[in-house]
Amino acid sequence: MSVRNLNFAFNPSSVALIGASAKPRTVGAVALHNIFAAEFQGEVYLVNPRRSEINGHPCFTDVASLPNAPDLAVIATPPDSVPDIIAQLGARGTKAAVVITAGFGEGGSAQGQALCNAMLEAARPHLMRIVGPNCFGLMLPRIGLNASFIHIQPLPGRLAFVAQSGALLATVVDWATHRRIGFSHLVSLGDMADVDFGDMLDHLGADNHTRAILLYIESITHARKFMSAARAAARIKPVIVVKAGRYRQSASAANSHTGAMAGSDAVYEAAFKRAGILRVNDLEALFDAVSTLGMLQPITGNRLALLTNGGGIGVMATDTLMYRQGTLAELSEATMDRLDAALPSTWSHGNPVDIIGDATPERYSEALNAIMEDPGVDAVLVMNCPTAIGSSLDAAQAVLKTVKQRSPYTRRCGVLACWIGEGPAEEARQMFREQGIPTYETPTKAVRGFMQMVRFQRSQAMLMEVPQDIPKAFTPDIEAVHSIIDRALAQKREWLLETEAKAVLSAYDIPVVPTRVADTPEAAARLASEIAGPVVLKALSPAIVHKSDVGGVALGLETPDAVQERATWMQKHLKDQATTGTLPLQFSVQPMIHKDHAHELILGMHVDPQFGPVLLFGHGGTATEVIMDRAIALPPLNMNLAREMIRSTQISRLLAGYRDVPRVDVEQIVVALVKISQLVCDVNEILTLDINPFLCDCAGALALDARLRIQPVNKLAGRHLAICPYPAELEQTIELPDGQPMLLRPIRPEDEPAFQRLFASLPPEDIRLRFLHPMKLLSKDLAARLTQIDYDREMALVLTDKDKPRGGDLFGVVRFCADPDNEKAEFAILLGREKTGLGLGPMLMRRILDYARTRGIRHIFGEVLNDNRSMLALCNALGFKRRRAPDDPGVTEVSLAL
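The opening residue of the sequence shown carries number -10 in our numbering; numbering runs sequentially from there.
This is the structure in structure tokens:
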């Protein structure tokens, strides 16, 4: 499940507190007080079998005696009683519950886990959603509901905060309320037996009352659902996360606290980045992010101007900005002239703009006006340190007045404030908060808040970036790979031989050094004699994983005799540990590759417990674990993502060339990463892959060694990934009535230019009928959203030239977008004029409906303009039902039960 019935949890009209109590300092008593203190306008029912009333409020003995089925139940009773209560509530018609009670398997208790399973089984027949157990509850300030035992009533606002830790949630409420920051939702997820972060992201992403989503995560469940929900939500509004358990010791603590396993922090980092989520490192940074996102209008760039009455704090802010790789705005000549005219001659004459310690309110106002109108400034940080001459409060009022004079809809430049000190400074900070301007106590925090917004904007830009297509199409030999792996599995081997691993790479057109196999030292010598120049000899056995650690690698052997001598040594010293039940020790012989300016890289993948396969790139060679210069990403990769992976490492600076070392052909590495990604998507038996070293220079790239570990699996290819890959199995050749063969395939992100060409070819009337209103241009963002789809929740089939499967024109597109529960989907169709009259519309509609049925979608719907007669006729022919849209008489709603 995903968002099904969550509206009953987060927008209930009635609430029942099961376990209401009059005993002070109990969960039932605190929750009762909070519910009534928050002034919830709906019905509230209290359940306590031993009380007829509590504090003047009537009590019911059990669920059966309630006058109506509550939308939401809050349960604070002993754990043994919870499964039966859930069953009773479900039978009455309740669709959501918050289980505050602990004791459901935390710390690995078998009895508690059995209770948790019983609770879920009781809820399942009624499609009842459960928040918790072992949580602090939830708070919905917009509707006046505080169904928690947190001690403070939060303020209403447009931020949502979701946390596994109830104590952290209480801390954030305390901090935010003092600073007048409000929330739409505050949710403690606890052990996440049912409702998890993926569900919350889906719900909050679609919630019109939520402007930004804040998460405190210790671990996640259902990685694919989380990634789909996170990518969808992050395209709509900011999503910020604090991930606890960065190191092994703290991850263990998180595991004992939540009863769930914490995964590798680097993988979480890669997942957040891929989803467009902004990660902050600690609670203080989260508080800064709350302040920034709760108040600051979105910024459009990273150029920051600093306005200050103290040179020292200007320098501190500049240092922090440079450390965090920000950009100090360069002021225009016009701005400098205005500042010269308004400021004393002793001002700093640059950015930071130091208006001197005796700065008057008028000086602040005139300088701020000039800076905000500079087109080279994206945001300005206004700072004030207390002096005996100028009033901090008067300066703050001048800044507020200046900002107010500009409409938030026309104000291009963002404004942040940093008033240092206590007393008047704190009063000034409160004034800024009340007027929606983010304010900070130190320059370091202020710059960090600004850079959080910069990082968020960059992640949004990456989500919308159109990837370049792979330079040269390749067709992998998947059958050859499966043949190699099946043979190894039949021999009960988990490691492929080096030669087998290289054969797998060759099947995916990844360049490898020619490698031959010998059974004896004498055979190895004969192979060496056929190779011009020095050779590399390696012990070949699935039992030896790290060959160089045990003397199983010999480099630069000049003669066949040297090869035979070294092979004989290996045979003697490694035979016992290298021999398996089916394969004796063998040898591989390959030419010694030496290039003066080549770099040793590592490319590979491993399987993470939470996110499945993850890809790796970094500094290679024997010291790769010591140097630890690596980047991690989730497959599938495209060219853009592969480049970003490379750019995020230190070795990328060397690859760019330096002194007399020429620039490496980085595109060769990019393409290799994309091909490895394709291999990982296609073959789910791969557990580990290391290509080390992957030698690369200005002339090209070559894999010198490869290790590949496998396992038998039952999942279909692609289901093992956290992000659904391109479904190549849907590609099919069709023949048009005129006999022309065409390719029908899923849309790809690289199709954005072709989609733009299709749109540009349409007459204005066709565009109006398709998009329900006139459009002259298709924005880059909209084009990206229509081509960069989540194949797990959407599908778009395109018709293209069979001879130009990539980069060719699109002649038609049909799509649907399903809800997170895969129950209902909205369809759309767009046809070019070039192939009119050939029945493409009915053909495409039938194909997408057939595919929707295979996905288990039960209902498909759409909106059609009343004067789009051809579309309405097609819907009639396909059996769609019609009705006039209640909100727009010019639109007909069409729907079909599948």
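Where a beta carbon is used, it is the ideal one built from N, C-alpha and C, also for glycine.
Check	Outcome
Please check the pair Asp654 and Ala688, which I expect to be a contact at CB under 8 Å, by giving their CB distance rounded to whole angstroms.	7 Å
What did DSSP end up calling Arg505 once you bin it into helix, strand or coil?	strand
What are the partner residues of Tyr205, as DSSP defines its beta bridges?	Ala152, Val231
What separation, rounded to the nearest whole angstrom, lies between the Cα atoms of Ala406 and Arg437?	12 Å
Using the three-state DSSP reduction, which class does Met784 fall into: helix, strand or coil?	strand
Shortest alpha-carbon distance to Leu771 belongs to which of Asp781, Phe760, Tyr780?	Phe760
Quick test of the definition: if touching needs 3 or more C-beta pairs under 8 Å, does the stretch 206 to 223 touch the stretch 4 to 20?	no
For the putative contact between Gln153 and Leu193, defined by C-beta atoms under 8 Å, what is the C-beta separation to the nearest angstrom?	So it is not a contact: roughly 16 Å between Cβ atoms.
Which residue or residues does DSSP assign as beta-bridge partners of Asp790?	Met731
Taking the runs of the alpha helix (DSSP H) that are 4 residues or longer, which of them lie wholly in the stretch 649 to 697?	655 to 671
When we look at the beta-carbon of Gln575 and count the other beta-carbons within 10 Å, is it buried (16 or more) or exposed?	buried
With burial defined as no fewer than 16 other Cβ atoms inside 10 Å of the residue's Cβ, what is the status of Val4: buried or exposed?	buried
Between which two residues does the beta strand (DSSP E) containing Pro742 stretch?	Counting along the chain, Pro742 falls outside any beta strand (DSSP E), though it belongs to the alpha helix (DSSP H) covering 741 to 750.
In whole angstroms, give me the CA-to-CA distance for Ala543 and Val596.	31 Å
Per DSSP, Arg804 is paired with what?	Ala785, Ala817
So what does DSSP say about Trp484, is it helix, strand or coil?	strand
Where in the stretch 93 to 149 do unbroken runs of the beta strand (DSSP E), each at least 3 residues long, occur, reported from the N-terminal end onward?	118 to 120, 126 to 129, 134 to 137
Within the same chain, show all residues whose beta-carbon is closer than 6 Å to that of Ser241, passing over the 5 residues directly before and after it, in chain order.	Below a pLDDT of 50, predicted positions are generally treated as unreliable, and Ser241, at 41, falls in that range; the measurement from the model is reported next regardless. Here the set comprises nothing.
May I have the straight-line CA-CA distance separating Leu670 from Val603, to the nearest angstrom?	The question names Leu, yet the displayed sequence has Cys at residue 670. Cα to Cα, the separation comes out at about 11 Å.
Would you tell me roughly how many angstroms separate the C-alpha atoms of Thr247 and Leu833, rounded to the nearest one?	Here the model assigns Thr247 a pLDDT of 25, short of 50, so the residue's position is not dependable, and the following value carries that caveat. Distance between the alpha carbons of Thr247 and Leu833 is about 48 Å.
Which term fits Val615, buried or exposed, when burial requires 16 or more other beta carbons within 10 angstroms of its beta carbon?	exposed
Check whether the Cβ of Asn340 lies closer than 7 Å to any heavy atom of the ligand FAD, and answer yes or no.	Within the structure as shown, the ligand FAD is missing, as the structure has no ligands at all.
Out of Leu272, Leu684, Ala233, which one is the CA nearest neighbour of Ala255?	Ala233
Where do the ends of the alpha helix (DSSP H) carrying Gln314 lie?	Segment: none, Gln314 is in no alpha helix (DSSP H) and carries neither H nor E.
Whole angstroms are fine: how far does the CA of Lys765 sit from the CA of Pro460?	32 Å
Between the Cα of Val342 and those of Gly300, Pro350, Asp308, Met305, spot the shortest distance and give me the residue it belongs to.	Gly300
Quick check: what's the CA-CA separation for Ala862 versus Lys870?	11 Å
Pick helix, strand or coil for Ala414, following the three-state DSSP scheme.	helix
Beta-carbon separation of Ala807 and Ala814 under 8 Å?	yes
Can you tell me which of the three DSSP states Pro68 falls into?	helix
Ala528 by DSSP, collapsed to three states: which one?	strand
Starting from Val16, trace the alpha helix (DSSP H) in both directions and tell me its first and last residue.	16 to 26
Just curious, the alpha helix (DSSP H) that Thr391 is in, first and last residue?	381 to 393
Does Gln30 pass the burial test, meaning 16 or more other C-beta atoms within 10 Å, or should it be called exposed?	exposed
Would you call the CB atoms of Arg268 and Met440 closer than 8 Å?	no
What runs of the beta strand (DSSP E), each 3 residues or longer, lie entirely inside the stretch 591 to 624?	601 to 608, 619 to 622
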